[in-house]
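Peer 1:
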Amino acid sequence: MRRGVGFKNNDGTYIPPQLIEKLGAMLTSPLTLIEAGSGFGKTTAVAEVLEDVQEQKADVYWHTFLGEPPEKAWQALCGLIAHADGNLGRPSLSSLPDLASILRDIRCSKTTVIVLDNWQLAGFEISAQLIEALSLHRGKKLHIVVITQPAAAAARTPSNPR
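For what it's worth, the working numbering labels the leading residue of the sequence shown as 1, then goes sequentially.
This is the structure in structure tokens:
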């Protein structure tokens, strides 16, 4: 990992060393929540750091929510979890306890990172509870990264044409 130095990625975006260090902690936590407003470079920074992880032969599975119906978003989430441990069944579309149960038993044979980008567009009515359930998994080699925008950011940002 590019520790101690900032770098510019291919599109010229500079990522400071402090951010690289903090994002490196993704591989020590069961769940990392990255929350900042639109345009802060969350996705770009995570992708750059995870590029190094993939070079180390870790698995990275990524889904970007685009405002699809919640049922489709749930299917995408379940599909990512199935990648992490192919021996697990999928949780049902109607049951959060199923997800929590499956995550309790999840085991990855190697370092696996699941990235859930644009979480605010997933449309889950119980978004906070889902994040909590995802954070309680017991897979020592599984790391979940949730990238989102603050829920009330739009309400706090004044509009001014000047």
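The beta carbon of each residue, even a glycine, is placed where N, CA and C say it ideally should be.
This one's a predicted model, so the numbers in the text were calculated from it and none came from an experiment.
Taking DSSP as the reference, what is the three-state secondary structure of Asp85?
Peer 2: Looking at Asp85 - three-state DSSP - the assignment turns out to be coil, as it is neither helix nor strand.
Peer 1: By how many angstroms is the C-alpha of Glu35 removed from the C-alpha of Ile147?
Peer 2: When rounded, the distance between both Cα atoms is 6 Å.
Peer 1: Is the beta carbon of Leu23 less than 9 Å from the beta carbon of Ala58?
Peer 2: Cβ distance not < 9 Å, so Leu23 and Ala58 don't count as in contact.
Peer 1: Jot down the residue ranges of each uninterrupted alpha helix (DSSP H) in the segment 90-152, minimum 4 residues, whole runs only, in chain order.
Peer 2: Listed in chain order, the complete alpha helix (DSSP H) runs (minimum 4 residues) inside the segment 90-152 are 96-104, 127-135.
Peer 1: Can you give me the C-alpha to C-alpha distance between Ile144 and Asp117, rounded to a whole angstrom?
Peer 2: Rounded to the nearest angstrom, the two C-alpha atoms are 11 Å apart.
Peer 1: Do Ile106 and Ala133 have their C-beta atoms within less than 9 Å of each other?
Peer 2: No, the pair does not count as a contact, with Cβ atoms beyond the cut-off.
Peer 1: Quick check: the Cα distance between Ile131 and Ser38, rounded to an integer number of angstroms?
Peer 2: Rounded to the nearest angstrom, the two C-alpha atoms are 20 Å apart.
Peer 1: Note down the Cα distance separating Ile102 from Arg138, rounded to an integer number of angstroms.
Peer 2: When rounded, the distance between both Cα atoms is 10 Å.
Peer 1: Excluding sequence positions up to five away, which residues of its chain have a Cβ less than 6 Å from the Cβ of Thr32?
Peer 2: Cβ within range, chain order: Met26, Val145.
Peer 1: Nearer than 8 Å: is that true of the beta carbon of Ile131 relative to any heavy atom of the ligand MG?
Peer 2: Because no ligand of any kind appears in the structure shown, any question about the ligand MG cannot be addressed here.
Peer 1: With DSSP run on the structure shown, which of helix, strand or coil describes Arg156?
Peer 2: Because the pLDDT at Arg156 is just 43, under 50, the model does not fix this residue reliably, and the value given afterwards should be weighed accordingly. DSSP places Arg156 in helix when its eight states are reduced to three.
Peer 1: What does a CB cutoff of less than 7 Å around Leu121 pick up in its chain, not counting 5 residues either side in sequence?
Peer 2: Correct list, in chain order: Phe65, Leu66, Gly67.
Peer 1: Tell me whether Ser35 sits in a helix, a strand or coil according to DSSP, three-state version.
Peer 2: First, the amino acid is wrong: residue 35 is Glu here, not Ser. In the structure shown, Glu35 sits in a strand (DSSP, three-state: E or B).
Peer 1: For a minimum of 4 consecutive residues, which ranges assigned as the alpha helix (DSSP H) are wholly contained in the segment 43-84?
Peer 2: Listed in chain order, they are 70-84.
Peer 1: Nearest by alpha-carbon distance to Ala100: which of Tyr61, Lys141, Phe124, Ile81 is it?
Peer 2: Nearest C-alpha to Ala100: Ile81.
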